[in-house]
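Heads up: the sequence lines are chains A, B and C, in that order. Heads up: take any position in the first sequence, counting from 1, add 1124, and you land on this note's numbering. Heads up: take any position in the second sequence, counting from 1, add 1124, and you land on this note's numbering. Heads up: take any position in the third sequence, counting from 1, add 1124, and you land on this note's numbering.
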Amino acid sequence: MDTSNWGKNIILGENITIGENVRIGHNCIIEDNVVIGNDTFIDSGTTIRSFTSIGAQSNIGSNCIIGEYLMDFYMDHEKHKHELIIGEKALIRSGSVIYAGSTIGDNFQTGHHVTIREKAEIGNDVSVGTLCDIEGSCKIGNYVRMQCNVLIGQLSVIDDFVWLFPNVILTNDPTPPSKHFVGVHVHSFATVAAGAIIMPGMDLEHDCLIGAGAVVTKPVEPYAVAVGSPARVISDVRNVRNKVTGELVYPWREHFDRYMPWDGMGFDAWYASLDLEERSKYTLADIVG
Amino acid sequence: MDTSNWGKNIILGENITIGENVRIGHNCIIEDNVVIGNDTFIDSGTTIRSFTSIGAQSNIGSNCIIGEYLMDFYMDHEKHKHELIIGEKALIRSGSVIYAGSTIGDNFQTGHHVTIREKAEIGNDVSVGTLCDIEGSCKIGNYVRMQCNVLIGQLSVIDDFVWLFPNVILTNDPTPPSKHFVGVHVHSFATVAAGAIIMPGMDLEHDCLIGAGAVVTKPVEPYAVAVGSPARVISDVRNVRNKVTGELVYPWREHFDRYMPWDGMGFDAWYASLDLEERSKYTLADIVG
Amino acid sequence: MDTSNWGKNIILGENITIGENVRIGHNCIIEDNVVIGNDTFIDSGTTIRSFTSIGAQSNIGSNCIIGEYLMDFYMDHEKHKHELIIGEKALIRSGSVIYAGSTIGDNFQTGHHVTIREKAEIGNDVSVGTLCDIEGSCKIGNYVRMQCNVLIGQLSVIDDFVWLFPNVILTNDPTPPSKHFVGVHVHSFATVAAGAIIMPGMDLEHDCLIGAGAVVTKPVEPYAVAVGSPARVISDVRNVRNKVTGELVYPWREHFDRYMPWDGMGFDAWYASLDLEERSKYTLADIVG
């Protein structure tokens, strides 16, 4: 291993595989059976726990814990043998805690102090804001964007190209407290504005828009605009205009392309360019004939 | 002291009492006058400040600060002489900050990045989710469960067996900003669903249920179901059914026993088995003849 | 440099200027081109990144990152050359992350796990509670108080003497997702109670009061009390009384002086004592003839 770019006081376990041109900061702890890809940077004070694999060209900020213990560790310290797989080009900011037992795709980004628990299955190009809490046992598609402080309850299913704005809560217990959890399902291209609370088991269908502070107690149809507490449908997104320019702005995929795979070419041309396998990857079947 | 299970670069103060079979991770700082019980595990990067006592069989995660300074420290660094007492079998997850000047019972559990300030009096079997902020000068009973991001304002009183779901806020200032705080009182077996805001001085009586996103501006009677903003009573919990099975599900203590002391025997049998002293410990006087 | 008060394992970069009587804790990292004023205390495990300047008599808690990298760092590690200026007498609590590229005045205080991003321009005597997230590209005046978990979206403008209570959100995207952000403007002496959500571009005029859980979709006039979702004006603050004492309590500046510059003398006398330059500093022009 080329340790010329390593800091001081690094503590290394056994059976570690570290790629070329990896930089590791001061006081880091790399436990046993860790794999780190080429050109990756682990900043100071971070712990990478056993059985974690981090893809090439990733950046892991300071004071993170990657591959955190599950509950079984506290029962028996020898039992911590869960894998965590993180894809290439991750950017995980400082203070974040990601549990073992999850899988995360490429181009993953987080803010600070994020928590992601076990059994989360996260696609590619997902971004998770500062203070988000993903409670695990959930499925998150590709190109999903969460702003800060979003809470994803267990059993949530989030399809591709979903936007969740600050302090959104996806709940899961219809009669709290109980053992009978029912997850929320947010379909492709849905947008949930700041502070909305989605009740257990709700479907938010494709291209719908949930207003800030809404409490959603009924399923929401495709393209519907639902606002208030309890939320009521007041419009169709295709009637919503930018107040300054007067332009129609939804479905947003027709009007917004920043960091999206149709950047520069437009959604329709991009979608037309996909073959069947790619289309199935993006779970767009529900929106396009 | 048996230091065979200790990591590297540990910094120890004076007058420290450490039990048998204690494991301490790398880069930990244990300040003066600390007591750590047998079989306890302090993970890497954690600081235990002066005058902290941690019970046996506890687990303290990485990068925690246990016994954090009060404001007087910043005025005069010599003044930090407040005690923190944490009971046995605590499980405090990484990144949490617990101030000196509080007392916490046995079987305490937290998520990550929790903050608990001074003068919090916390009972046994309490669980506090990720990102919760307990602002101190408050009293929390036994078997209280908070999910993530709950805010407990100063002067709050929470009786036993209370459930607070994500992002609940217990406020305390009727005419902000002012110096005239009035705490919320949540009585035994009350349940507050996600995102509810409770106004200063409100009593949430035993076995009531506050709906998600409610803003509670009036006291809530026993067994009442209150929803909306401002919250209105719409039902009695004893009429609420599980939508799938059709079963009555409240009061929840008759239908839910996970981690509860009546697990496997039922609430009524458990309560009948208590002697008077035990009953008084659980402050159930308000609910049972 | 007098290092008699320094801890162990401190890592120092080049071209560092450290004042007299500075105390630095264990495992701290002080990167290149850092300036630290006299009598300042940096607690253990904290990283001060390049081009950060911290004023005299400040306290920086454990495990902070002060001068955090901007996005350009992840593109090219050599590009991290943004300045962060923090004034005198700061008290920044543990776990906080403050980005490079911002300026912060004197007497700044934070709770724990705060995040402040780049291009934030923050005045004197500002207090930011635990878990607040200031997203940068914003302007915050003097004597602004945020309680915990407040989110300040980009392009927000907050004048002097504003109070934001827990979980308040200042949003900025009228048609999410878009690139057309419009910030909220909160004028002097406005108070926003817990959990309120302010829609993009709204003006909250001087001395207004926004109720807990309100969703503000229209501008709010001076002295107006706005509550509910969507918020409606229900009163004038000058009619609001303390429920116990019956006293009128607003505008709060006439009735509350804790930590305010008029402490002990009253607002009117204080304001009368200001010269024109001082008055302009406090942007009170909008409230006083």
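The C-beta atom is built at its ideal place from N, Cα and C for all residues, glycine as well.
Contact residues of the segment 1250–1273 of chain B toward chain C are 1255, 1257, 1259 and 1273 (C-beta to C-beta distance below 9 Å).
Minimum Cα-Cα distance from residue 1293 of chain C among the listed residues A/1204, A/1388, A/1404 and A/1318 corresponds to A/1318.
The Cβ atoms of residue 1261 of chain C and residue 1288 of chain C do not sit closer than 8 Å to each other. Just measuring C-alpha positions, the residue of A/1199, A/1263 and A/1316 sitting nearest residue 1228 of chain A is A/1263.
When the alpha-carbon of residue 1199 of chain C is set against those of A/1173, A/1177 and A/1165, the nearest one is in A/1165. In the DSSP assignment, residue 1207 of chain A falls outside any beta strand (DSSP E), carrying neither H nor E. Inclusion of residue 1374 of chain A and residue 1357 of chain A in the CB contact set at 8 Å is not warranted, their separation being larger than that value. The Cβ atoms of residue 1149 of chain A and residue 1186 of chain A lie closer than 8 Å to each other. Taking 8 Å as the cut-off, the Cβ atoms of residue 1305 of chain C and residue 1330 of chain C do not count as close. The Cβ-Cβ distance between residue 1182 of chain C and residue 1353 of chain B does not fall below 8 Å. Residue pairing by DSSP puts residue 1244 of chain A in a beta bridge opposite A/1262. The beta carbon of residue 1141 of chain A lies closer than 6 Å to those of 1159 in the same chain, with the five residues before and after it left out.
DSSP places residue 1217 of chain A in the coil class of the three-state scheme, outside both helix and strand.
Considering only beta carbons, the part of the segment 1373–1387 of chain C lying closer than 8 Å to chain B consists of 1373, 1374, 1376, 1379, 1380 and 1382, in chain order. Neighbours of residue 1353 of chain C across chain A, judged by C-beta separation under 7 Å: 1337, 1352 and 1353. Around residue 1269 of chain B, the same chain offers 1251 and 1287 as residues with beta carbons nearer than 6 Å, after the five sequence neighbours per side are excluded. In the structure shown, residue 1402 of chain A adopts helical secondary structure according to DSSP, grouped into three states.
In the DSSP assignment, residue 1396 of chain C falls outside any beta strand (DSSP E) and lies within the alpha helix (DSSP H) extending over 1391–1397. Every beta strand (DSSP E) of 3 residues or more that sits fully in the segment 1324–1385 of chain C is shown, in chain order, as 1348–1351 and 1356–1360. Three or more beta-carbon pairs separated by less than 8 Å are not found between the segment 1378–1396 of chain B and the segment 1389–1406 of chain A, which leaves the two stretches without contact.
Closest by C-alpha distance to residue 1247 of chain C, out of C/1370, C/1196, C/1230 and C/1258, is C/1230. Identification of chain C residues near residue 1221 of chain B by a Cβ-Cβ cut-off of 7 Å yields 1218, 1219 and 1236, ordered along the chain.
Below the 7 Å Cβ cutoff, chain B contributes 1373 and 1380 as neighbours of residue 1302 of chain A, in chain order. Leaving aside the five residues that flank residue 1258 of chain A on each side, the residues in its chain whose CB is nearer than 6 Å to its CB run, in chain order, 1240, 1244 and 1276. CA-CA distance, residue 1242 of chain B to residue 1175 of chain A, rounds to 38 Å. Only exposed fits residue 1396 of chain C, as fewer than 16 other CB atoms lie within 10 angstroms of its CB. For the 8 Å CB-CB criterion, residue 1151 of chain C and residue 1169 of chain C form a contact.
Of all alpha-carbon atoms in A/1291, A/1290 and A/1307, the one lying nearest the alpha-carbon of residue 1298 of chain A is that of A/1307.
At a C-beta separation below 7 Å, residue 1242 of chain C has no neighbours in chain A, since its nearest C-beta there lies roughly 13 Å away. A residue is called buried once 16 or more other Cβ atoms fall within 10 Å of its Cβ, and residue 1173 of chain B is buried on that count. Within the same chain, 1235, 1270, 1271 and 1272 come within 6 Å of residue 1253 of chain B by CB-CB distance, once the 5 residues on both sides are set aside. The DSSP-derived three-state label of residue 1165 of chain C is strand. Contacts with chain C at 8 Å (Cβ-Cβ) include residue 1293 of chain B.
For residue 1169 of chain A, the residues of chain B that pass the 9 Å Cβ criterion are 1151, 1169 and 1187, in the order they occur in the chain.
Comparing alpha-carbon positions, the option among C/1266, C/1220 and C/1340 lying closest to residue 1404 of chain C turns out to be C/1266.
Chain B places a beta carbon closer than 8 Å to that of residue 1135 of chain A, counting this residue as a contact.
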